[in-house]
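These notes are about the structure you will find just below.
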Amino acid sequence: MVRRAPRSLSGQVSRHVSRHVSRCLATFGLLGLGLGALTVTPACRTQSGPDGEATAKKTPRPEVRAFTAEGTELFESFLNDAPDDAPIVVAIHGRGDSPKNFRELYRRFGGKVHLLVPKAYAPFHTGFSWFDLREGMTDAELGASVGAALERLHRAVASVVGGKRYIVTGFSQGGILSYGFASRYAAEVRCALPVAGSLPGPLLPGPKQQAAKTRAFHGDADDVIAVKWGFATVETFQREGADARLTTYPGLGHSISDGLLSDYFAALTECVGAP
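Heads up: the sequence shown at position 208 corresponds to 209 in the numbering used here, and the numbers run straight through without jumps.
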């Protein structure tokens with residue numbers, strides 16, 4: 002396990018119960034999206050190419066395209082003029098957050114990726130929640146709640162990516178779901194980058210069920226999702242043969258530090274370059 006010292010802290014997000022929700026919005030949604038790639042439309046005017054042939058004039062794609070797949074609303078961007086076949090990154094926001102806020106993270110990411118940011122299903126304060134969380138839930142109840150959201154989101158993602166492998170990442174509830182994708186849909190996932198998450202026991206991989214490559218990040222002072230649960234998840238992944246690693250940050254709570262963000266972007270860059 003790798004431990005790094007944090008630099009500055011950003012705000013905290015919602016606790017697994019609602020008393021911490023008011024701080025959830027700004028933690029992992031810090032930055033934003035680049036411009037889309039270009040596409041040819043039949044009605045475009047033409048101009049002469051280098052060899053004298055007429056070439057179609059391209060018009061830019063919208064910066065963000067909203068659409069619905071299998072009952073899930075998604076927001077799509079092609080960062081830094083990424084081509085149509087750029088690596089796909091599914092970025093899952095946390096409880097009380099929104100796709101608009103969460104996708105701001107990626108304004109400082111320099112890679113060319115096809116970014117998909119889905120919207121959670123239930124309104125929660127000023128944002129949305131992926132699954133129910135209540136005081137006193139058993140591990141089995143939490144597993145069922147997370148599992149239902151995971152299956153629903155997976156149907157949407159699978160319908161969009163068309164069989165291509167993808168990177169999955171997220172913060173808090175999004176980190177939980179990212180671990181879930183790595184565990185349950187390992188063959189589809191290039192790598193998973195969960196931040197401040199863990200996985201309920203019922204969703205952990207069983208014997209000889211190898212999870213996808215995972216690079217996880219977690220503050221060791223997190224009082225919302227304790228880092229011990231992140232360790233337990235990653236250790237189970239490792240025990241079943243997965244290439245999994247957790248980096249922790251001393252003194253960091255349920256939030257993102259500059260050091261964590263730097264490590265996260267480095268891991269994302271590595272994943273983007275992986276086949």
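A virtual CB, placed ideally from N, CA and C, is assigned to each residue, including glycine. Being a predicted model, the structure only gives us computed values, none of them experimental.
Asked                                                                                                                                                                    : Found
Just tell me which of ARG156, GLY175, VAL114 has its CA closest to the CA of ARG96.                                                                                      : GLY175
Output the boundary residues of the alpha helix (DSSP H) element that contains GLY111.                                                                                   : Taken as a continuous stretch (DSSP letters only), GLY111 belongs to no alpha helix (DSSP H), as it is neither H nor E.
Among all the DSSP beta bridges, which residues are the ones paired with TRP75?                                                                                          : A quick correction: the sequence has Leu, not Trp, at residue 75. DSSP lists PHE68, PRO119 as partners of LEU75.
Given a cut-off of 8 Å, decide if ASP223 and HIS277 are closer than it, judged by their beta-carbon atoms.                                                               : In this structure the chain extends from 2 to 276, so residue 277 is not present and cannot be described.
Looking at SER146 and LEU116, is the spacing between their C-beta atoms short of 8 Å?                                                                                    : no
Sorted by chain position, which residues of the same chain lie with C-beta nearer than 6 Å to VAL3's C-beta, five sequence neighbours on each side aside?                : No answer about VAL3 holds up, because its pLDDT of 49 lies below 50 and its placement is not dependable.
Between the C-alpha atoms of LYS120 and ARG104, what's the straight-line distance to the nearest angstrom?                                                               : 11 Å
Any idea what DSSP makes of ALA212, helix, strand or coil?                                                                                                               : coil
Within the same chain, show all residues whose beta-carbon is closer than 6 Å to that of GLU1, passing over the 5 residues directly before and after it, in chain order. : In the structure as shown, the chain begins at 2 and stops at 276. Residue 1 is therefore absent and cannot be evaluated.
Heavy atom of the ligand NAP less than 7 Å from the Cβ of GLU77, yes or no?                                                                                              : You won't find the ligand NAP in this model; it holds no ligand whatsoever.
Taking the alpha-carbon positions, what's the PRO128 to GLU236 distance?                                                                                                 : The sequence given here places Gly at residue 128; Pro does not occur at that position. If you take the alpha carbons of GLY128 and GLU236, they lie about 32 Å apart.
Per the contact definition of three or more C-beta pairs closer than 8 Å, is the segment 185-196 in contact with the segment 106-114?                                    : no
According to DSSP, is LEU194 part of a helix, a strand, or is it coil?                                                                                                   : strand
How about LEU178 and ILE93: do their beta carbons lie closer than 8 Å?                                                                                                   : yes
Please give me, in chain order, every unbroken run of the beta strand (DSSP E) with length at least 3 that falls completely inside the segment 205-257.                  : 215-220, 245-250
Quick one: residues in its chain with C-beta nearer than 6 Å to the C-beta of PHE76, no 5 flanking neighbours on either side, listed in chain order?                     : VAL65, ALA67, PRO100, VAL118
By Cβ distance, which residues of its chain are closer than 6 Å to ILE168, with the 5 residues on each side in sequence left out?                                        : VAL90, ARG191, CYS192, CYS272
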